[in-house]
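A.B. asks: 0 is the number of the first residue of the sequence shown in numbering that gives the first Met the number 0; add one for each residue after it.
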Amino acid sequence: MITTRAYSAASATSPLASDVLQRRQLTSTDVQIEILFCGVCHSDLHQARNEWSEFMPTQYPCVPGHEIVGRVTAVGSAVTRFAVGDLAATGCMVDSCGACSACAASDEVYCEKGSTFTYNSPDPHTGGHTLGGYSEAIVVDERFTFKVPGHLDLAGVAPLLCAGVTTYSPLRHWKVGPGQKVGIVGLGGLGHMAVKFAKAFGAHVVLFTTSPSKIEDGLRLGATEVVLSKDPAQMAQHAGSFDFILDAVSAEHDVNAYLQLLKRDATLCLVGVPEKPMAIHSLSVIMGRKSLSGSIIGGTAETQEMLDFCGQHGITADIELIPIQKINEAYDRLAKSDVKYRFVIDMASLKQ
Ligand code: NAP
Ligand code: ZN
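1) Quick one: any contact between the segment 314-322 and the segment 191-199, if contact means 3 or more CB pairs under 8 Å?
2) On the criterion of 16 or more Cβ atoms from any shown chain inside 10 Å, does P60 qualify as buried, or is it exposed?
3) For G201, tell me which candidate among P148, R219 and Q179 has the shortest Cα-Cα distance.
4) Give me the Cα-Cα distance between V338 and D43, rounded to the nearest whole angstrom.
5) Below 7 Å between beta carbons: does that hold for G221 and V248?
6) Using the C-alpha atoms, what's the distance from C40 back to I321?
7) Could you say which of D140, A77 and G185 lies nearest to I214 if we only look at CA atoms?
8) Alpha carbon to alpha carbon, how far is Q303 from G132?
9) Which of the three DSSP states is assigned to I323 in this structure?
10) Give the straight-line distance between the Cα atoms of H65 and Y118, rounded to the nearest whole angstrom.
11) If we ignore side chains and look at the alpha-carbon of each, how far apart do F308 and Y330 end up?
12) Classify K180 as helix, strand or coil using the three-state DSSP reduction.
13) Verify whether the separation of the beta carbon atoms of L130 and V62 is less than 7 Å.
14) Name, in chain order, the residues that DSSP records as bridge partners for L227.
15) Can you find a heavy atom of the ligand NAP that lies under 6 Å from the Cβ of C40?
16) Which residues in the same chain as G151 place their Cβ atom closer than 7 Å to its Cβ, once the five residues preceding and following it in sequence are excluded?
17) What is the residue span of the alpha helix (DSSP H) that R171 lies within?
18) Distance, Cα to Cα, G127 vs R22?
19) Do V156 and V68 come within 7 Å of each other at the CB atom, strictly closer than that value?
20) Go through its chain and collect everything with a Cβ distance to R48's Cβ below 6 Å, but skip five positions before and after it.
21) Name the DSSP beta bridge partners of P121, please?
22) Looking at the unbroken beta strand (DSSP E) that takes in H259, where does it start and where does it end?
23) Please return the same chain residues whose Cβ sits closer than 8 Å to the Cβ of V83, not counting the five positions on each side in sequence.
24) Taking 8 Å as the limit between beta carbons, can you name the residues of its chain near D264, skipping five residues before and five after?
25) What is the DSSP secondary structure of I344, counted as helix, strand or coil?
26) Would you mind working out which of K146, M305, D18 and A334 sits nearest T79, comparing C-alpha positions?
27) Please identify the residue among L306, Q259 and S294 whose C-alpha is closest to the C-alpha of I285.
28) Label Q24 either buried or exposed according to how many other C-beta atoms from any shown protein chain fall within 10 Å of its C-beta, with 16 as the threshold for buried.
29) Starting from E215, follow the alpha helix (DSSP H) in both directions and report where the run begins and ends.
30) Quick check on DSSP: helix, strand or coil for E33?
31) For Q58, which of helix, strand or coil comes out of DSSP?
Structure follows, in structure tokens:
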């Protein structure tokens, strides 16, 4: 086993604290990555605090982190795409069955047997549960390891592995492009990447935010218009006008208000996962034959495509770099929508 320093939560109510964990010895298809940067996703907070207990009860100790960028320090004998010293990244998923129709389509995240998430999933190698990227090193099958455009700022690349692909994937799936009016709800880690991508794809982008302090940033990041969603008059001006809306909100809010803004036959896609179920009035979708949908992360081919797209267009996340010792403070700020726009942990701080 490979002994690795990490930060973990011992229970839903414990703060994250310094810990040591064991990684498996490399199999022939594995890559070992020394983690340089790891993004802090709101899903890390939801799971560290067991907020999704009904669907995905958290196993403890929980080592969160699925926005991982680093350098390859060892490779298995059958690895072909990576060599020691290469930059490499891994995201929310570390395994899938590889044989079902979803895996054959590189939609591994929709694997019929269930994909293995980077943390808080049963670990087929150890028999325990998977442990994420708030750690010095990780061992991952090369199928779930990605090439990083080396000219980009590496700390800003880390959030692409979740916030990036989770917004890129539905915007591509619903073919967002020129001539379309697209709404992005919530300017957090996911939302700010969604604004950047929707703009890069040529859409007319409208940001919905609850935070007046984020209006200027919304415009700078690529929105043509910013709507304060708590103002009913501003909301009413957009009734029936959107081709597509992506909802990246982490907490309870009224989705019916956004369904009313869609055109006939248009789709609202949820990527945010609030703790509690939401109430949808049937008439919100019946009137206008609208669709309410959802999307999770993205497959491996799409993740590499997104990273390459970001390399070509110079896209990275806007980040606040923190030492790991500040992670509990960062969680408290994240819970208050107070991050511009992704915390990223400088993993060198783990050695201090
Ligand atoms: P985040 O950085 O905390 O952003 C969430 C944003 O939602 C906030 O910045 C805020 O934007 C808005 N918001 C928060 N509370 C709100 C409320 N009560 N009412 C209305 N708006 C509110 O979170 P994130 O990391 O982007 O993640 C967002 C959600 O997506 C989380 O639930 C996360 O678990 C989920 N997620 C899903 C996937 C997937 O595959 N589907 C992947 C990753 C994350 P404003 O200040 O602009 O209003
Ligand atoms: Zn995430």
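The beta-carbon is built from N, C-alpha and C at its ideal position, and this holds for glycine as well.
C.D. replies: Taking the geometry as given:
1) yes
2) With 16 or more other CB atoms across the displayed protein chains lying within 10 angstroms of its CB, P60 is buried.
3) Q179
4) 15 Å
5) no
6) 14 Å
7) G185
8) Taking the straight line from one Cα to the other gives about 19 Å.
9) helix
10) Approximately 8 Å, taken between the alpha carbons.
11) 30 Å
12) strand
13) yes
14) T208
15) yes
16) In the sequence as presented, Gly is not what sits at residue 151; that position holds Leu. Only C309, G310 and T315 meet the Cβ criterion.
17) A162 to H172
18) 11 Å
19) yes
20) A11
21) H128
22) According to the sequence provided, residue 259 is Gln. The question's His does not apply to it. Counting along the chain, Q259 falls outside any beta strand (DSSP E), and DSSP gives it neither H nor E.
23) Hits under 8 Å: V71, T72, A73 and V74.
24) G287, R288, K289 and S290
25) strand
26) K146
27) From the listed residues L306, Q259 and S294, the smallest Cα separation to I285 is found for Q259.
28) It is exposed - the Cβ of Q24 has fewer than 16 other Cβ atoms within 10 Å.
29) Residues I214 to L220.
30) DSSP places E33 within a strand segment (E or B) once states are collapsed to three.
31) coil
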